[in-house]
Each structure stands twice: as structure tokens, then as C-alpha cells.
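Trainee: Right, I'll just put the structure down here and ask away after.
In the UniProt record's numbering, the protein residues as written are 1 to 302.
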């Protein structure tokens, strides 16, 4: 059973705050009651409809929610914020495409913090315990794509490219980036798929904000970060590093080929790679892998 009551998302409220306003550049927002995967839907749409851009798709329930490395995302009906965004790359250099996933993580963190602070809950840096008492919330990013709350996995992300081989009539690229995010909101421990996951309700109880308030704040922040990305700003990388609890940690990394790497995470490069200082002092660039923080929050391998 969910820890707090659930109800359907208010689509009209979301559209009024995010689409029918000059305050953001989002062009459309849809909420599906049930779909297979919001990411799969948006990847298909990116090629089928080249006019679709800056679009948001949320789902109350996914029958085939997907994570990295063929993993699944599972959440009961109306218990999470599960969404995918479709963002055309436009004139952004392909060398900067890898920054958009980082920007998405920053937007989720900042949207969560903003919502909690508006509710009178301190959601800044500084470790706390998951006691359910407002004011004890530590939100951070775990490279490359996890959002941690008091050391447990609150949200994950899957980012896919779409329509890379498609062009607009003027010959410019129609490539799109589709970041998909699943955020645990109302679930109880027995509704979560793994023991290192956490929901906002497990930490906040009756103080858990509404999914609408959380979604509006997150999508407003994501719109701001996308505009920075389009302009070529570098502040998003600085902000990612500032919010990433992996930096400075001793870590174990399981690479895609199964090899384990060990060292100290020292930085994140402009292409999104984690820079790892190994025992011999060399710095290794890690493009992908599962990270386990040896100490502190994030001490898990998926």
C-alpha cells in the first residue's frame, strides 16, 4: 500500500503551468494512464513526427518501463513521476549532446529542492537520516544517472537518441534526445523493487508534496537548463559537479564489459565521462558503468 493517498495527475493544472504560458518553452504535455514505456513512445514519435519538439509525456503506469542495460523500472499505478521529454538538438554541436543528460539530473535535483523548500523542508546538502522528519533531506546526484535521497536511490534516468539519421527539409539535423526519468513518490518499502531504493513518502510521510507541485518545479527547471544548453552555457556542468556526491569518493565501477575499476572520482569531463584517479596515479576516463560509493550514500551496485 502507498504511504500517502494517491490520485490522478491534474493534466489541466500541469498544462496551464508549463505549456499555456510564456514562462517556459514546452510545446506539449500529455499524461497516459497506461503505456508500455514513455521512452519508447517518444523515441518512435521523434522519427514519425519531425514537428514534435520540446514535448513531455508522463505515465501513471508503465507495463514495460525501462532503465539502463535492459533493466526495468517498476512502480505501482499513480505512485511515481515517470516521464520522458523529447528535445531536438537543433544547432547544438554533437560534442555537447552528452551534457543534456547531466542537465536533466541537475533539473530534477533543483526542482525537488525548490518544491521541498517551498513546503518548509530543508533540502540542501548535508547528510540526514531517513526518519520521516522534515528537514532531514539530503539530495544528490550519483554519476551517471541516479538521484539519491539520504543515500538511497530516489530516481533513475535512461537517455536515448532518436531520429539521428533524419533531416528537416532545409537539410539540418532532426536528431532528438529523449531523457526519461522515474521518481519514487508515494511507494512503501514493499512496493519498491530493490532494498536500496527510497521514496519521498518514506522520508517525508504526510509532508510529501503533491506530484503536480513536484512535476511543475522539475519541468520548469528542465526548461531553464535546456535553454542554457542551447545557448552553449557551461554553468550546467559546474552545477552538476557541485551536486554530484560521487566526486571525491572512493568508488568501485563495474564497466559494461564486466571489468571492475577502482579509484577516486575526481571530476566529470565536458563529454560526461567520470574521471577516475587509480592507485598508480593515472586518470582514467569512464564513459559508462555502474558506480558503488565505497563509503557513505550510494553504497550499492544496481
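A virtual CB, placed ideally from N, CA and C, is assigned to each residue, including glycine.
Can you give me the Cβ contacts of residue 243 inside the same chain, cut-off strictly under 7 Å, excluding the 5 residues immediately before and after it?
Mentor: If you number the chain shown from 1, residue 243 lands on position 243. If we look at residue 243 and ignore the five residues flanking it on each side, its Cβ neighbours are 106, 109, 140, 141.
Trainee: Is residue 291 helix, strand or coil by DSSP?
Mentor: Position 291 of the chain shown, counted from the start, is the residue given in the question as residue 291. Of the three classes helix, strand and coil, the one that applies to residue 291 here is strand, per DSSP.
Trainee: Looking at residue 111 and residue 35, is the spacing between their C-beta atoms short of 8 Å?
Mentor: Residue numbering aside, residue 35 sits at position 35 when the chain shown is read from its first letter. Residue numbering aside, residue 111 sits at position 111 when the chain shown is read from its first letter. Cβ distance not < 8 Å, so residue 35 and residue 111 don't count as in contact.
Trainee: Give me the residue from 138, 159, 143 with the minimum Cα distance to residue 149.
Mentor: If you number the chain shown from 1, residue 149 lands on position 149. Of the candidates 138, 159, 143, the one whose C-alpha sits nearest the C-alpha of residue 149 is 138.
Trainee: When DSSP builds the beta bridges, which residues end up paired with residue 158?
Mentor: Position 158 of the chain shown, counted from the first residue, corresponds to residue 158. BP columns for residue 158 point to 180.
Trainee: What does DSSP give as the partner residue(s) for residue 262 in the beta ladder?
Mentor: By 1-based counting over the chain shown, the position of residue 262 is 262. According to DSSP, residue 262 bridges with 252.
Trainee: Which full runs of the alpha helix (DSSP H) of 4+ residues lie inside the segment 158-245, going along the chain?
Mentor: Runs found: 200-204, 211-231, 235-243.
Trainee: For the putative contact between residue 185 and residue 208, defined by C-beta atoms under 8 Å, what is the C-beta separation to the nearest angstrom?
Mentor: Position 185 of the chain shown, counting from 1, holds the residue named residue 185. Position 208 of the chain shown, counting from 1, holds the residue named residue 208. Confirmed, Cβ separation roughly 7 Å.
Trainee: Using 8 Å for Cβ pairs, my map puts residue 29 next to residue 18. What's the rounded Cβ distance?
Mentor: Counting from 1 along the chain shown, the entry for residue 29 is found at position 29. Counting from 1 along the chain shown, the entry for residue 18 is found at position 18. Their Cβ separation, rounded to whole angstroms, is 6 Å, which keeps residue 29 and residue 18 in contact under 8 Å.
Trainee: Flag this pair as yes or no: are the beta carbons of residue 294 and residue 250 separated by less than 8 Å?
Mentor: Along the chain shown, read from residue 1 onward, the residue named residue 294 stands at position 294. Along the chain shown, read from residue 1 onward, the residue named residue 250 stands at position 250. Yes, the pair counts as a contact, with Cβ atoms nearer than the cut-off.
Trainee: Cα-Cα, which of 273, 255, 32 is closest to residue 97?
Mentor: As a first step, residue 97 is located in the chain shown; it is residue number 97 there, counting from the start. That would be 273, whose Cα lies nearest to the Cα of residue 97.
Trainee: For residue 241 and residue 99, what's the separation of their Cα atoms in angstroms?
Mentor: Start at 1 with the first residue of the chain shown, and residue 241 comes out as number 241. Start at 1 with the first residue of the chain shown, and residue 99 comes out as number 99. Answer to the nearest angstrom: the Cα atoms are 12 Å apart.
Trainee: Which residues does DSSP pair with residue 88 in a beta bridge?
Mentor: Walking along the chain shown from the start, residue 88 turns up at place 88. Bridge partners of residue 88: 176.
Trainee: Excluding the 5 residues preceding and the 5 following residue 286 in the sequence, name in chain order all residues of the same chain whose CB lies nearer than 8 Å to its CB.
Mentor: Position 286 of the chain shown, counted from the first residue, corresponds to residue 286. Closer than 8 Å at Cβ, skipping near neighbours: 253, 255, 261, 273, 274, 275, 276.
Trainee: Please classify residue 104: does DSSP put it in a helix, a strand, or coil?
Mentor: Position 104 of the chain shown holds residue 104. Of the three classes helix, strand and coil, the one that applies to residue 104 here is helix, per DSSP.
Trainee: Determine the DSSP secondary structure at residue 152, reduced to helix, strand or coil.
Mentor: Within the chain shown, the letter at position 152 stands for residue 152. If DSSP states are grouped into helix, strand and coil, residue 152 belongs with the strands.
Trainee: So what does DSSP say about residue 137, is it helix, strand or coil?
Mentor: Stepping through the chain shown from its first residue, residue 137 is reached at position 137. Coil at residue 137, not helix or strand.
Trainee: Can you tell me which of the three DSSP states residue 46 falls into?
Mentor: Walking along the chain shown from the start, residue 46 turns up at place 46. Helix, per DSSP.
Trainee: Taking its Cβ as the centre, do 16 or more other Cβ atoms sit within 10 Å of residue 179, making it buried, or is it exposed?
Mentor: Indexing the chain shown from 1 puts residue 179 at position 179. So residue 179 counts as buried.
Trainee: What's the gap between the Cα of residue 38 and the Cα of residue 281?
Mentor: Counting from 1 along the chain shown, the entry for residue 38 is found at position 38. Counting from 1 along the chain shown, the entry for residue 281 is found at position 281. So the two alpha carbons sit approximately 43 Å from each other.
Trainee: Going by Cα to Cα distance, which pick from 227, 212, 194, 222 is closest to residue 12?
Mentor: Position 12 of the chain shown, counted from the first residue, corresponds to residue 12. Per the Cα distances, 212.
Trainee: Can you tell me where the alpha helix (DSSP H) holding residue 277 begins and where it ends?
Mentor: Counting from 1 along the chain shown, the entry for residue 277 is found at position 277. Counting along the chain, residue 277 falls outside any alpha helix (DSSP H), though it belongs to the beta strand (DSSP E) covering 274-277.
Trainee: For the alpha helix (DSSP H) containing residue 11, list its first residue and its last residue.
Mentor: As a working note, residue 11 is residue 11 in the chain shown. Note, residue 11: alpha helix (DSSP H), 11-18.
Trainee: Where does residue 131 sit, in a helix, a strand or coil, going by DSSP?
Mentor: Taking the first residue of the chain shown as 1, we reach residue 131 at position 131. Residue confidence is low: residue 131 scores 42 on pLDDT, short of 50, so the model does not pin down where it sits. Its coordinate-derived value is still stated next. If DSSP states are grouped into helix, strand and coil, residue 131 belongs with coil.
Trainee: Let's test the definition: count the other Cβ atoms within 10 Å of the Cβ of residue 231 and tell me whether it reaches 16, buried, or not, exposed.
Mentor: Taking the chain shown and counting its residues from 1, one reaches residue 231 at position 231. With fewer than 16 Cβ atoms within 10 Å of its Cβ, residue 231 is classed as exposed.
Trainee: Taking its Cβ as the centre, do 16 or more other Cβ atoms sit within 10 Å of residue 60, making it buried, or is it exposed?
Mentor: What you label residue 60 is simply residue 60 of the chain shown in a count that begins at 1. That one is buried.
Trainee: Quick one: give me the first and last residue of the beta strand (DSSP E) that residue 30 is part of.
Mentor: Residue 30 sits at position 30 when you count from the first residue of the chain shown. Per DSSP, residue 30 belongs to the beta strand (DSSP E) from 28-32.
Trainee: In terms of DSSP beta bridges, what is residue 109 paired with?
Mentor: Here residue 109 refers to the residue found at position 109 of the chain shown. Residue 109 pairs with nothing; no bridge assigned.
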